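Trainee:
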Amino acid sequence: MATTEGCLIASAARGCKAINAGGGATTVLTADGMTRGPCVEFPSIVGAAACKRFLEGEGAEIIKEAFNSTSRFARVRKLKVALAGRLVYIRFSTTTGDAMGMNMISKGCEKAMSVLSTHFPEMQIISLSGNYCTDKKPAAINWIEGRGKSVVAEAVIPGAIVQKVLKTTVAALVELNISKNLIGSAMAGSVGGFNAHAANILTAIYIATGQDPAQNVESSNCITLMKAINDGQDLHISCTMPSVEVGTIGGGTILPPQQAMLDMLGVRGPHPTEPGKNAQRLARIICASVMAGELSLCAALAAGHLVKAHMAHNRATTAAAPAPGTCIKS
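Residue -6 is where the sequence shown starts when you use this note's numbering, and the numbers rise one by one after that.
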């Protein structure tokens, strides 16, 4: 993790300690599909509707074949088409191997749009990205349909561990999670923000492993659930994240410090036999780490320890020496 927040790493470590004491975390990948949503325009809504029917019918395979011809790894899994007047938005959802895949998918979309224009000469390509993707912006479509890797993590924390490590109770955690992460977020009109601070953990790992930190907007979509089990004695926690956008090749993953972190996690580069497995594993690691962060922060809030912890870890005890060349007023 790479962060300037003093408490964050200590808090995540505490959450990991509690999860490990309970037997560890379980993670699953439920979907894998990076998206790009070109926008095209027609002279009339009749032409736009005809294009939609084509893409949802006999044209689907034609467009998929055109897209797939541009890469060894990119494969269209789904097309979602929507109209807004004369505008047609086409959301490509594709696998991209172990790359996060925006360049790969953009190249494929460009080819697909070229082929589509041969079937609809009157069509005008407005933008290769029409914000129907959606990249680096809050959007319900990513929360509902998913983008990148869709992952879920869960763990069971024995009540004794909740008290010893997290300094609170199962009942207090469950009540806080409902009141804060579910009801509070609903009151705020949140989209994908039914969590305590998923973005904190995710962004710190993104920077450390060479991901695009601006994609934390949609990648940190998360719903955290907690429930008392075993007659109320133990805690079940889960984090569901439908749009984690990661890669283990390309972009910032080529930098030596970031490669070292990916090596430590056992996911650097392309998977030797199953393309995509390294990136999927990284997404699962991130989801489990987010769950650890959720557990620890919620425990601090339930126990009333949040301010005390931040005062202890987020305040420098000595003044930092000025960097060479720094201009200081005398």
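Where a beta carbon is used, it is the ideal one built from N, C-alpha and C, also for glycine. Please read all numbers here as calculations on a predicted model, not as lab measurements.
Starting from T20, follow its DSSP beta bridges and name the residues at the other end.
Mentor: A146
Trainee: If I measure Cβ to Cβ from T89 and keep anything under 7 Å in the same chain, skipping five residues before and after, which residues do I get?
Mentor: M27, F66, A67, M97, I98
Trainee: What distance in whole Å lies between the Cβ atoms of L166 and A295, which are believed to be in contact at a cut-off of 8 Å?
Mentor: Confirmed, about 5 Å.
Trainee: Can you tell me which of the three DSSP states M284 falls into?
Mentor: Looking at M284 - three-state DSSP - the assignment turns out to be helix.
Trainee: Does DSSP put K129 in a helix, in a strand, or in coil?
Mentor: coil
Trainee: Can you give me the C-alpha to C-alpha distance between C0 and Y125, rounded to a whole angstrom?
Mentor: 37 Å
Trainee: Identify every residue that forms a DSSP beta bridge with Q351.
Mentor: This structure does not reach residue 351, given that the chain is present from -6 up to 323, and the question cannot be answered.
Trainee: Starting from P249 and walking both ways along the beta strand (DSSP E), at which residues does that stretch end?
Mentor: Where P249 is concerned, there is no enclosing beta strand (DSSP E), although the alpha helix (DSSP H) it sits in stretches over 249 to 258.
Trainee: Should the segment 112 to 125 be regarded as contacting the segment 243 to 260, the criterion being three or more beta carbon pairs within less than 8 Å?
Mentor: no
Trainee: Kindly list the residues whose CB is nearer than 6 Å to the CB of T217, restricted to its own chain and excluding five residues on each side of it in sequence; keep chain order.
Mentor: N174, N188, C232, E287
Trainee: Under the rule that 16 or more other beta-carbon atoms within 10 Å means buried, what is I12, buried or exposed?
Mentor: buried
Trainee: When the Cα atoms are used, what is the spatial distance from A179 to F113?
Mentor: Their backbone Cα atoms lie some 44 Å apart in a straight line.
Trainee: Can you give, in chain order, each stretch of the alpha helix (DSSP H) that sits fully within the segment 50 to 100 and has at least 4 residues?
Mentor: 52 to 61
Trainee: Does any residue of chain B have a CB that is nearer than 8 Å to the CB of V260?
Mentor: Structure shown: chain B not included; a single protein chain is present.
Trainee: Terminal residues of the continuous alpha helix (DSSP H) containing E267?
Mentor: Element bounds for E267: n/a, residue is neither H nor E.
Trainee: For T196, collect the residues of the same chain with a Cβ closer than 6 Å to its Cβ; drop the 5 residues on either side in sequence, then sort them by chain order.
Mentor: P206, N209
Trainee: Using DSSP's beta-bridge definition, name the partner residues of C232.
Mentor: Paired residue(s): A146, T217.
Trainee: Using a 10 Å radius around the Cβ and a threshold of 16 neighbouring Cβ atoms, would you call K248 buried or exposed?
Mentor: Reading off the sequence shown, one finds Leu at residue 248, where the question assumed Lys. With fewer than 16 other Cβ atoms within 10 Å, it is exposed.
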